[in-house]
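Trainee: This is the structure, below, for whatever I ask next.
Residue numbers (the numbering used here): 402 to 611.
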């Protein structure tokens with residue numbers, strides 16, 4: 402029997418990444434879940450019925466609220482997970498989950514929502530002037546090259562990339578020099594009505610985000 406581990410960055414709420422994780426939980430009901438931090442009750446019962454292992458970040462005072470501020474610790478936390486008993490790793494990643502280290506002979510498939518946006522394409526959106534304090538900007542200016550080097554060095558741990566869109570596929574090719582298969586995320590099509598509107602549509606666009 403193949404022993405499977407699913408690696409997810411953090412379990413602190415139900416957003417798009419967790420919807421993908423739910424599908425993986427349905428496909429692999431016996432899989433264990435590894436995550437940096439888990440806030441019980443904040444994700445669905447489908448996810449929480451699995452055995453969930455957390456990192457040392459779970460026990461850092463204030464981590465439930467300020468876990469995003471612990472970005473410099475996340476690579477170390479991911480490195481300390483022991484996957485020596487697993488035959489297949491499946492990561493769903495927008496931060497460090499894709500850097501999980503499989504044992505020799507095991508395989509790692511990464512469903513990549515994006516390469517870590519905080520240190521690559523959207524660095525200025527998180528740490529640019531007006532976005533972060535001078536102290537944070539100074540610290541990240543020193544840490545960014547280190548995190549980028551680590552992120553690139555761990556790419557060989559992934560045997561196959563899956564991208565959630567062609568846009569992400571392009572980022573993976575540009576940054577990691579790897580190709581990816583595109584598999585779109587699940588959509589709750591029953592949520593939407595296909596009935597014709599009673600009156601002509603108004604001239605605007607609807608944007609749905611987190």
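All C-beta atoms in this analysis are idealised placements derived from N, C-alpha and C, irrespective of residue type, glycine included.
Closer than 6 Å by C-beta to residue 510: which residues in its own chain qualify, once you throw out the five before and the five after it? Chain order, please.
Mentor: Hits under 6 Å: 491 and 561.
Trainee: Would you be able to state if there are at least three C-beta pairs under 8 Å between the region 522 to 534 and the region 582 to 589?
Mentor: Verdict: no, contact absent.
Trainee: Where do the N-terminal and C-terminal ends of the alpha helix (DSSP H) with residue 454 fall, by residue?
Mentor: It is not in any alpha helix (DSSP H) - residue 454 instead sits in the beta strand (DSSP E) that spans 453 to 455.
Trainee: Going by DSSP in three states, residue 591 sits in which element: helix, strand or coil?
Mentor: Residue 591 falls in the helix class under three-state DSSP.
Trainee: List the residues that DSSP assigns as beta-bridge partners of residue 433.
Mentor: Partner(s): 406.
Trainee: Is the separation between the beta-carbon of residue 465 and that of residue 484 shorter than 8 Å?
Mentor: The answer is no: Cβ separation not under 8 Å.
Trainee: So residue 553 is in the alpha helix (DSSP H); what residue range does that whole segment cover?
Mentor: First-last of the alpha helix (DSSP H) with residue 553: 535 to 554.
Trainee: Using three-state DSSP, classify residue 528 as helix, strand or coil.
Mentor: Three-state result, residue 528: helix.
Trainee: Excluding the 5 residues flanking residue 443 on each side, which residues of the same chain have their C-beta closer than 6 Å to its C-beta?
Mentor: Taken in chain order, the residues that qualify are 413 and 414.
Trainee: Please identify the residue among 405, 508, 512 and 551 whose C-alpha is closest to the C-alpha of residue 418.
Mentor: The shortest Cα separation from residue 418 among 405, 508, 512 and 551 belongs to 512.
Trainee: So residue 467 is in the alpha helix (DSSP H); what residue range does that whole segment cover?
Mentor: Here the alpha helix (DSSP H) through residue 467 covers 464 to 467.
Trainee: Buried or exposed, going by whether 16 or more other CB atoms sit within 10 Å of the CB of residue 439?
Mentor: Buried, because 16 or more other Cβ atoms sit within 10 Å of the Cβ of residue 439.
Trainee: What does residue 493 pair with, by DSSP beta-bridge criteria?
Mentor: Its beta-bridge partners are 409 and 512.
Trainee: By Cβ distance below 7 Å, which residues in the same chain neighbour residue 406 in space, the five residues on each side in sequence not counted?
Mentor: Correct list, in chain order: 432, 433, 435, 484, 487 and 490.
Trainee: Taking residue 520 as the reference, give the member of 533, 496 and 564 with the closest Cα.
Mentor: Looking at the Cα atoms, 496 is the closest of the given residues.
Trainee: Helix, strand or coil for residue 448 per DSSP?
Mentor: Residue 448: helix per DSSP, three-state reduction.
Trainee: Look at the alpha carbon of residue 467 and the alpha carbon of residue 609, and state the distance between them as a whole number of angstroms.
Mentor: Roughly 26 Å separates the two Cα atoms.
Trainee: For residue 583, which residues does DSSP report across the bridge?
Mentor: In DSSP, residue 583 forms a bridge with 564.
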